[in-house]
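Convert by adding 7 to the 1-based position in the sequence shown; the result is the number in the working numbering. Here the structure comes first, spelled out in structure tokens, and everything after it is commentary.
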Amino acid sequence: MLSGELGDWDMLIGHFLGVDHCGHRFGPEHFAMKDKLSQMNDVIERVIEELDDDTLLVLYGDHGMDPLGNHGGETQDEVEAAIFMYSKKKAFKRLDDESLYDVSGLGKSYRSINQIDLVPTLSLLNGLPIPFNNLGSPIEEAFSYEGLASLAKSLYITSSQINNYRHHSHELAGDEDANSDFISLNEAWDQLNRTTTDEEYKQFISDNYAYQMKSLTRCKNLWAKFDLSSIWIGIVIIAVTLVLLIIYSKLIPYVVVNQLNPQFLTSTIAIVFIYSALFISFTLIFKPESLPFVWALVLGIAAGIMNGILAPIMNRYSVPWLFRQVAENLIQNGWTYFALLLVIMHSLVFASNSFVIWEDKIVAFWLSTFAFCAFFKSLRLQEGYKKFLGAYHSFVFMAWTRLISCVSICREEQGDKYFSLL
């Protein structure tokens, strides 16, 4: 478009990554960000100059950034972004309340919309059907210029689409409150005509927005929630499983493990039946809403497996004896500490957005570090054959690690640095 070759197109989409990269590298308050924003402003000015009267420019960000340039959290600076819609001919109309466009105080009181509102807005402006699973609302300023009737029509089309989506969802179709609201909207739409007053249009518009917001809120309450009880149950099951794995593999003598294996099988099968019966009976008698039948069965099986493995161990050994075995056998040499260090460091990777971006290279670096340490450790062996074999395996492990690390999917944040060697 900037080169003068307009071509035959209905929609052009451009994605500029420079501001995002600059934020990650320097942060939003660095002088480099000022230069990048000035550069982007020049691009936008050139695009606006080339626009014709029938073209709409929509400029928006997909996220913000915190003072460090990251955007993986839920703070206001991270989840909010600007949107700018421009047309050379007058096509938009501000709302009557000018306080909604107050830019003082860094725009804290400036009007905001949901990002999903772009979906019905752009669909209707382009004369396209609204996507089936849309839950957004048309942006009011984009449809108010031609009058209240135009805005009312766009809102009713969106409400009809949301109602259609809700009735195709088993979890939403039974919401009688929302269903009743749409029936009222449908009746009000049938009564609109040329004699409808502005107040009646405004009431219809307000009712549509209320219905759409109610539908969105119901969906948020249904989907965007965290079941803390299930999360803690999962954490406990993982922790107990890890403890049992350590006891089985590191604390119990190998000879005894072979003797206990048949007991593990029989006790696990028996106790799984007992726990499953207890959990299912509890569910059928008390009917708790947070513990459906399937979950009761799954928890019964999980608890039965853990108890079934633990029972033969506790029948033979005491808890103090297991603790003594931890001190004697669990941490035997420096390699154990090294392995624990790598596991802990990998867990901490997810606390930093930059580390998450480069996780593949970081893991490859740690594996190469292990191979490097193993190589020098093998050189200290006394027997020549073992020394050669250890050095050979370490070298091959390092070579394959470096080779495999080249086979990956490049993240867009990695840019041209993706192929750099560590």
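Virtual Cβ for every residue (Gly too), placed ideally from N, Cα, C. Computed from a predicted model, the values in this text were never measured in an experiment.
**Buried/exposed call for THR165, threshold 16 Cβ in 10 Å** = buried
**Message:** Give me, in chain order, the residues of the same chain whose beta-carbon lies closer than 6 Å to that of ALA310; leave out the 5 immediate sequence neighbours on both sides.
**Reply:** TYR282
**Asked** Between SER427 and the rest of its own chain, which residues show a CB-CB distance below 8 Å, the 5 nearest in sequence each way excluded?
**Response** Confidence is the limiting factor: at SER427 the pLDDT is only 47, short of 50, which leaves the residue's position unreliable, though a coordinate-based value still follows. Within the same chain, SER427 has no close Cβ partners at all.
**Asked** Expressed to the nearest angstrom, what Euclidean distance is found between the alpha-carbon atoms of MET352 and VAL370?
**Response** 10 Å
**Request:** Return the first residue and the last residue of the beta strand (DSSP E) that TYR108 is part of.
**Result:** From DSSP, TYR108 is part of no beta strand (DSSP E); its letter is neither H nor E.
**Item:** Delimiting residues of the alpha helix (DSSP H) encompassing PHE280
**Value:** 261–293
**Request:** Determine the DSSP secondary structure at PHE139, reduced to helix, strand or coil.
**Result:** coil
**Message:** On the CB-based measure, 16 or more other CB atoms within 10 Å of its CB, does PHE211 come out buried or exposed?
**Reply:** buried
**Asked** Which term fits ALA159, buried or exposed, when burial requires 16 or more other beta carbons within 10 angstroms of its beta carbon?
**Response** buried
**Message:** Distance check for TYR67 and THR128, CA to CA, integer angstroms please.
**Reply:** 14 Å
**Message:** When you compare the region 340–349 with the region 306–326, are there three or more beta-carbon pairs, one atom per stretch, that lie closer than 8 Å?
**Reply:** no
**LEU132, enclosing alpha helix (DSSP H) - first and last residue** = 125–132
**Asked** Where does VAL414 sit, in a helix, a strand or coil, going by DSSP?
**Response** coil
**Request:** Using alpha carbons as the reference points, say which of ASP17, THR275, VAL305, GLN219 lies closest to LEU135.
**Result:** ASP17
**Prompt:** Taking all protein chains shown into account, do 16 or more other C-beta atoms lie within 10 angstroms of the C-beta of LYS43, making it buried, or fewer, making it exposed?
**Reply:** buried
**Message:** By the DSSP assignment, the beta strand (DSSP E) with TYR67 in it spans what residues?
**Reply:** 63–67
**Simplified DSSP assignment, three categories, for ILE90** = strand
**Request:** Give a yes or no on contact between the region 303–317 and the region 325–335, applying the rule of three or more CB pairs nearer than 8 Å.
**Result:** no
**Asked** Less than 8 Å separating the beta-carbons of LYS95 and LEU155?
**Response** no
**Request:** Leaving aside the five residues before and after ASP27 along the sequence, list all residues of the same chain whose C-beta is less than 7 Å from its C-beta, in chain order.
**Result:** none
**Request:** Pick helix, strand or coil for LEU429, following the three-state DSSP scheme.
**Result:** Reliability of the predicted coordinates at LEU429 is poor, the pLDDT of 42 falling under 50, and the value obtained from them is presented with this limitation in mind. Looking at LEU429 - three-state DSSP - the assignment turns out to be coil, as it is neither helix nor strand.
**Request:** Using only alpha-carbon positions, find the residue among THR224, LEU229, SER144 that is nearest to TYR216.
**Result:** SER144
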